[in-house]
Each structure stands twice: as C-alpha cells, then as structure tokens.
Amino acid sequence: MTLRKDAGVRIGIDLGTTHSLAAVLMNGRTIIIPNRLGERLTPSAVSVDTLGRVLVGAPAKAREVTHPKDTVCNFKRDMGTERSWNVGGKTMRPESLSALVLSDLRQSVEEHLGQPVLEAVVTVPAYFGEDQRRATQAACEIAGLHVERIINEPTAAALAYGFGNPEREAKLVVLDLGGGTFDVSVLEVTDGIIEIIASAGDARLGGEDFVEVMMERCRQRFLASDAIDLGAHADLSAKLRVACERAKRSLSSAERASVVVTGVGPSAKTLTLEVGRDEVHGWWAPLLQRMQTPVRQALKDAGWLRGAVDQVLLVGGATRMPIVSDFVASVFNKPGVRELPPDEAIAMGAAVQAALKADDAQVEDLVVTDIAPFSLGVNHTTEYGSHQVGGLFAAILERGTVLPASRSHSFSTLHDGQRMVEFSVYQGEHALCEHNTKIGQYTVQGIPPSPAGQQVLDVRFSYDLNGLLEIETTVRSTGETHVLVLDRSGRGMSKAEIERARTAMAGLKFHPREALPNVAALERAEAMFATVTGEPRAVLGEVLGSFRACLETQDPEVIRQHREQLLALLQTIRQH
Amino acid sequence: MDVDTALGVLGLEPDADARAIKRAYHKLLKRHKPDSDPEGFRRLREAYECLTDDAPRSTPPDPQWTSPRPVTQRTLNAVAVHHALDEGRFADAHAMVIDARWADALLDDADGSYAEATYRMGLAAILDHRPAYEAIAAAYPDCFSPNDRRLQVLLAVGREWEHLRSTARLPPQFHAFVAKSFIVDPQPRIALARGLARWFWNDRASAMRGILTLLTQYPSVASVLYDEVRALDDAISPDMPLPLPPQPTPAARLRVPTLWTPLVLVVAALLIAVFSEGNVAARTFIPVLLVGGGLGLIGRPLSNASFRARLLSSCLAHDQPPATLGTNLGPFRLLREGLQNDALLEYGFRIGRLGRLGLDDPSPAQETVAP
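Structure below.
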C-alpha cells in the first residue's frame, strides 16, 4: 500500500535532548526527513534574537556560544518540572520549548513531502515517568501535532532493528545513551516479533553529563593554572562547553586532545589545556558506575544472566565514545553493535511504530509488545503482629507487565464500621508511597458498615498503550462499582494552560523560513569566530564580513554562492 | 483464566510443552497485534501467562545450601557468604552480596531469584542493627516488585525487631542465631523460634529469661518454639538444617539463679560452725553445705520438663495451644506446674493427663454458649 496523497503522512519523531529528527516509512523503507538546511539532525535548541524573533535548530544552537543568555538547550531534561526559562524577555516552560522544536520538525516534513502530517509517534526515554510523559504530550498539543502514542526510545530502536532484520532470532540488549538519558531494554526478537522483556534506565545520565564532568575538571585546571574561573560568566562557560564537546569528540578517535577557550577576559586571552584519553576516562569512571545499575536491573528483571545475551545494540550519539564501547565489552564480554546509525535508529523505529499503529501493510509481519516501565498501584495499610504499618505501596500493575493489560487486587476494610475508602494512585517502585509519584486519587463511598476486614474491595487497573489508565473499584458485597479514568492529557498542564501556551506560540515572531539557511550559516560562522584564533580567525572574519555585505544585496544567487563559500571555509577550519 | 480456557485460546492440547506454547503464542500474536486488536491481545496474553506461569518456572528449587550440588566457584561463593553470616560477620556478608559476583552466587542458591537472596540479606542486615528502612532502601531498592510479600515482611520484621531490641536486652549471640535462622527459613515466626531454640540449647541459663520476656512480646512464637525445643531435646534429627552448637555441659545447661535454697544452706553452715565447737562430723559437713550453697547461688538446676511446662503455660496464657502440646509432659510435672497456673491445670484435665492420676476435674463441664 502506498500512501494516498490526500491522506497525509504519519511520522515518527525522536525528540532528543541534544538533537531531534523526524522519519517516515515509505515504500518499505524508513526515510529520515532532512530539515530546511538539508540536515538530518535538528539541534533541540531555541534562541531569540535581538529583534525578538525566535530561532529553532541549528542557528539557535550556534547562538549558544555567542548569546548564551538568549538561548536554551537541553530542556528535555527538565520536562515534567516547573522550571521555566527567560529567553529574550519571554518566559517559557520546557513544554513550550519542545513544542517549538516539534513544530519546526513538522514544517520541515510538510515542506519536504508536500503533505500534511496526520499523526505522529513521539519517543521518550523508557525511564520517563508519568509526569514527563504528560509534559511531552502537552508539548505535542501545543505544537498542534496529533499524537496518540508516545513510545519508549529503546523500543523504537528495537523496532527499527526488527524491521531491518525480519528473519532474525536473537536475545538483545539495547543500550541507548542519548544526550541526556540512559536506557536499557532487554528484548527478544523472533521472526518479526519483538518482545520487550524488561527495561530500566537513568533519566538524568547522558552524553551531556560526560561533557559537564569534563567542564568541571577543566574549570578547576584553568583556575589552578591561569587563576581564571571560567564558570563565573555564562558566556565563558558556554565557550568552555563548546571546547569540551569538541575535545570529547576528538578523543573518540585520537589519544590526546586539547581544550581551547578563546577570548577570555578583557585582553581576549586564549587558554589551552592538553588532555589524554586515559585521564579523561578516569574522570568519567563514576558515570560508568552509574550506567551499571540500570543494566544490572534490566537483566535481573528479565531473569537473564549476562552470558545469555546474543547481541548488544548501541543506540544514541553518545555510544560513539570509546569508553562506552569498552564498558559494553567489559559487562557483556562481547562488543556492542551499531547496526543502525546511532543517531537515527530511534526516529526510524518511531516511524515504523506510526505505520504499525495505522495498520499499514508495509509492517504486516511485525509485532511489538512493550511493557509498563513503572509499577502502578495504590496505598494500603497492613497488619503485622501487633503493629499497623501504613503508607505501604501495593503495586497492582507491576512494572514489566506486557501492555495493554488489566490486573486486579483485593483490599479489605481496616476499621469496624468503615463506610468509605480513600485511594491514592501512585507510580513507582518503592515500598513506601511517600517515595513514589502520586498520579491521582479517589474515594469509594457507600460501603455497608461491618466489622473490620469483612468488606472486600476489588481494584482493577487497566492500562493501555496510549497511557490511558482505567481504575475500576468494586465493593464485593454490594456489587457497586466506581470508575476513574486517568489519561495523559488531563494531567500536568491543564487544558487552559496548554491553550494559553498555544496562543503564546502563535504570537511569536519567527525568522522567515526562506532566510533560514543564511541565518544558520551566519550564526555558525559567528560561533566559530568566537572560538578560533590566529589566521583562521582573520580569514573567517573577512569572509563573514563579505557575506554580511552580500546579504544586503538580496540577490538570491549571489547570496547562495557566498553562503557556500562560507560553509566550505567553516568545514575547513573545523577539520584543522 | 483457567488452564482449559487458556489452552483453548491458544489452540493447544493439554500436553503442550513450553516451546509449543510459545510457538502458538507467537503465531496468534500476528493476528492479535496489541496495536490493532488490544482486546484480542489481552486475552491472548492472559492465556499465555496462565500457561507459562505453570509450565517452565514450576520446578521448585531447593533453598537449602547444604543440598548436594556440583561444587562450582559460585557454590563456593555462596558458602562463603553463609559462612560469614554464621560467624556473625554481617558487614562482610553484606559487602559480598553487593558485589555482583556474590549476588550471582546467592542467586543460584536462594530460589534462583535475586529477590529471595536479597530478602534474606535484608533480614540479616536488619538483625545486624541496621535500621530497617535504611538497610532496605539503601541496598536493595531494585530487587523487589513493590507488592512482593517478602518486602512487606521485611519492613514489618524490621519494625518488630527494633521494638524488640528496645524492650528486651538480648545477648549478641542471639542475634547471630536468629539471623542465621532467618536466612535458612525466611518465615519470621519460625525463624525467630528456631533462633530462640538454638540459643536455649546453647546456653540455657542465659536464654531462659530472655525467652520468657520475648514470649510476652511474641505470643505467636511460643507454639513453634515449644515444638522446636522438643525437637532439640528429644532427638537431634540428622536432617536438621542448622549445624548445632557444641553440646553444653549438664551443669551449664540446667541452672537458673534462685535465692532461698542456697541462703538456707549457707546460714545452716554458719550456724553449725558457731555451735559445733570443733566437732569432727560437723567440720566435714560445713564445707559440703558451703559448696552446695555456693553452687545454688550460681544457679538452681531446672529440668527440661519444667522449662517446657513454663513454655506451655506461656502458650496457654496467650491462647496459642500448639499441635503437639503436652504429649510428652509427665502428669506429675503437669500437676506441679499446674498448681501455679490454672490454665495449665485445666488444659491437663482437658487432654486427660491429670485424669490418669485419679484426680477429679475441679471445674464443672461447661456448655459453650454463643454470645
């Protein structure tokens, strides 16, 4: 079946910490859709220029160095929190910022394919809790995207893998180390059937943490050697970040790299620090320690021993670091496999999921079963000996349950003559409710008064793939039923808040999309100019000046030529 | 869903093995995808879980670490952990288990599940004076699913144990006994009783009071404890799960301090010394009295039967008559103890033991009337 022109497309979106991208399944292949600049990855960055116009993607990312105060990156890490940023005089929550990225992706897709986006499947880290998933859903709503399904990133990666290897039978572990999150999923692939068996992760561990550790160490070094605190100013620390990112990347291939920070202080000093791979790996050891925990837990949940794993699939840009490969080899005794492009696998899988959801014939033979990443349950009190232990968490739908699923649990009254029961609904793994996340509450009334323990209530949790939780409570003696439905859209930001955010977004001024390649080239050149020294800087300054001048001419052909010249120069400088 | 329905859903014969079940499940999965047919999938999954929960995971592993098993490095590791626990080196054992290799070893050993191994370690940690919550939360947050009954028992045992330790002063060796018992049999009531029984067996004099104090806190333990003590007394069965401590000397076994008898002996010795005026017979008699009094001051012999009778009284006082209660108590012992305890006396009559002495039941037969 080919897509009908009038119907529009169903896409998969990987909304990442550092990069986002969109993919679509067409003619039996997953295609990554390039953005306006012709690039496959769109940085998850938002910036506001001096005229109050909003920039999204590569030009915004480039402004992180030149205008750190007007630029926001890594906001995915604060999804589901109350945090907000003041960007160029506008207060924005992570939902709104994500919405800007999402709608930018959507525009790219619509421009590229010439069809409207009907529906999208968006990915989140498997270890995202309900709050973070709600925030993601809210972001989609603000962006005006029709999103019913939010899937887990490692599941998406597994889908992409299963789609590409329909015949294979294997026990897999997917390690997904993205910019800001780390996920581990344990799964079995049999003949096109992908069964997620267990997943675990750390929602606050990713490539960015490696950079941050490096920044902190370098800051201390510079403080000791040059008596300059690079953490003192936002723009210096942005420069340090870029320098560390660059050094981290070159350490993937070279044994040594240098961290170069230019334009420090009034005299525009250049600071240089030489770091060796072994030394930096030493700095990162605690992060690897943290990576062990989810790996161990996922295997434990699955009941597998490490030796049982046939293949370890590496996904996420940060798995390119040699230290991660070493980690995988030491844990599993076999090298990790990058069968799919690590940056793109998740978006590809999301596109496959979008097709699956629409019952597309291209994916007829593919099935995926996913699991609940967290346990869902209610509070209860238990009696042990002479003590009453309250505030305990009774998981009704346990983590690892294959979804959609329905599970029930019975509770009895605690006091003589008890007429009502208050249930609080929690999500989490701790035995005590106070350490879990509360996602709702309800009261069941009209229980016939009886001695303690005589009245029994059956609580049934039904959880579906779209995150819809239906709680049905039945008083056994009367047969009376109380139903509570918790869905993602009704929680977190309220409808009114989302509507307000949508209006606010509609009121934003954007850079005209036609001018985007020019703006991006300009911002990138500016960022490069701020971080290089010597002769390249002088040359770049000249070319940059002439590019600016030719932008005034408004002759598209001349501008294009100059732009390409500038980009070629940037490429040359970057390679040296 | 019952097995027959499940077999019907999957289209299988009752003799289908795990492989056939999985194959049938996979085949039907393509027809009932979770995306397009959630209801169908749910039913299919339920059927599959119903069958697989019974089929491949049903062989009960042997929880005893003494069971014959080929000796591997992992077995040795497990033994090392147990050894550390035996010797009361809880911190060491704890550290070993935190290390993944040792956890794997315990995994082999304890029921094949981390949760089980961790549960036992959790108990050990609690008994090692770690505050219960802290111990569990810090070391084992990810080992349990939250409504695992064992975790709740852990929490409850933790609280009970804190309570106990604050009210009854117990010697450190008792901790070791109970900890070890918990590890072998994670049912708290039985474990506690076993620990107490072993403590009793090892050092009766010190155990007596501790046990009697404990029984007021833990009435439900009494009946198990009674059986345990009996089992230890009657015969040391060869399949007893715990290595027994060395047999104590008879004198050490049966002493409990009292005041009156030795005082009378010592006073008598002093009186004879004052009034005998060098009488030869008296001179030989005095040291005997003094030694007897001295020994008595250390402790009055108490027989097993008498201790059992006290246990029995305690059980009765808390309305927890054990299954085999009183069958090996002699009628005279029962009578003597019963004279100080009406419940025991009444019980003696009820089981017909005192009747054999030709005594009449003083309490008239009662008709039970429903309130």
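Line by line, the protein sequences give chains U and W. Going by our numbering, the first sequence opens with residue 147, and the numbers climb by one from there. Going by our numbering, the second sequence opens with residue 368, and the numbers climb by one from there. Think of the CB as a built atom: it goes at the ideal place given N, C-alpha and C, for glycine as much as any other residue. These figures come from a predicted structure and were not determined experimentally.
| Check | Outcome |
| --- | --- |
| Establish whether the CB of F408(W) and some CB of chain U are separated by less than 8 Å. | yes |
| Give a yes or no on whether 8 Å exceeds the smallest Cβ distance from P624(W) to chain U. | Below a pLDDT of 50, predicted positions are generally treated as unreliable, and P624(W), at 46, falls in that range; no measurement from the model is reported. |
| Is A168(U) near the ligand HEM, judged by its Cβ being under 7 Å from some heavy atom? | The ligand HEM is not part of this structure, which contains no ligands at all. |
| Using a Cβ-Cβ distance cut-off of 8 Å, determine whether L473(W) contacts chain U. | Low local confidence applies: a pLDDT of 48 at L473(W) is under 50, so the model's placement there is unreliable, and no value is given. |
| Would you kindly check if the distance between the Cβ of L305(U) and the Cβ of V514(U) is under 8 Å? | yes |
| Any C-beta of chain U sitting closer than 8 Å to the C-beta of D402(W)? | yes |
| Taking its Cβ as the centre, do 16 or more other Cβ atoms sit within 10 Å of K222(U), making it buried, or is it exposed? | buried |
| Excluding five sequence neighbours on each side, which residues of the same chain lie with their C-beta closer than 8 Å to the C-beta of L656(W)? | L632, V633, A635, A636 and I639 |
| Would you verify that the beta carbon of A551(U) is, or is not, closer than 8 Å to some beta carbon of chain W? | yes |
| Does any residue of chain W bring its CB to less than 8 Å from the CB of D505(U)? | yes |
| In chain order, which alpha helix (DSSP H) runs of at least 4 residues are fully inside the region 447-487 of chain U? | 468-478 |
| Give the residues from the region 321-336 of chain U that approach chain W closer than 9 Å (Cβ to any Cβ), ordered along the chain. | T336 |
| Any Cβ of chain W within less than 8 Å of the Cβ of W429(U)? | no |
| Where do the N-terminal and C-terminal ends of the alpha helix (DSSP H) with E681(U) fall, by residue? | G680 to T699 |
| I want to see whether chain U comes within less than 8 Å of L377(W), judged by CB atoms only; does it? | no |
| I want to know whether the region 368-386 of chain W touches the region 406-419 of chain W - three or more CB-CB distances under 8 Å. | yes |
| Kindly list the residues whose CB is nearer than 7 Å to the CB of P381(W), restricted to its own chain and excluding five residues on each side of it in sequence; keep chain order. | L374 |
| Using a C-beta cutoff of 8 Å, does L396(W) count as contacting chain U? | yes |
| For the region 560-623 of chain U, list the beta strand (DSSP E) runs that are entirely contained and at least 3 residues long, ordered along the chain. | 567-573, 583-590, 602-609 and 615-621 |
| Give, in chain order, every unbroken run of the beta strand (DSSP E) that is at least 3 residues long and sits entirely within the region 209-291 of chain U. | 217-219, 231-233, 236-238 and 263-270 |
| What is the residue span of the beta strand (DSSP E) that M172(U) lies within? | H165 to M172 |
| Can you round the beta-carbon distance between G776(U) and A518(U) to whole angstroms, since I take them to be within the 8 Å contact cut? | Past the edges of chain U, shown from 147 to 722, lies residue 776(U), and the structure says nothing about it. |
| Looking only at its own chain, which residues have a Cβ that is under 7 Å from the Cβ of V200(U), when we skip the five neighbours before and after it? | V192, V194, L246, L654, K655 and F656 |
| Once DSSP output is grouped into helix, strand and coil, what is the label at H375(U)? | Per the sequence presented here, residue 375(U) reads as Asp, with His not at that position. Residue state, collapsed to three classes: coil. |
| For G599(U), does the count of other Cβ atoms within 10 angstroms reach 16, so buried, or fall short, so exposed? | exposed |
| Which chain W residues are close to T515(U), counting only those with a beta carbon under 7 Å from its beta carbon? | P401 |
| Can you give the Cα-Cα distance for P468(U) and A281(U), rounded to whole angstroms? | 34 Å |
| Which residue's Cα is closest to the Cα of H393(W): G325(U), D511(U) and A673(U)? | D511(U) |
| Should T269(U) and N232(U) be called a contact, given that it needs their Cβ atoms to be closer than 8 Å? | no |
| Using 8 Å as the limit for Cβ to Cβ distance, is V548(U) near chain W? | yes |
| What in chain W is Cβ-close to D610(U), meaning under 8 Å? | P405 |
| So, are the CB atoms of I585(U) and D160(U) less than 8 Å apart? | no |
| So, at 6 Å on beta carbons, what are the nonlocal neighbours of H628(U) in its own chain, with the 5 sequence-adjacent residues on each side left out? | V590 and T619 |
| Using a C-beta cutoff of 8 Å, does D604(U) count as contacting chain W? | no |
| Step through the CB atoms of chain B and report whether any lies within less than 8 Å of the CB of R412(W). | Of the chains in the structure shown, none is chain B; the protein chains are U and W. |
| Does the contact criterion of 3 or more C-beta pairs under 8 Å hold for the region 439-459 of chain U versus the region 311-318 of chain U? | yes |
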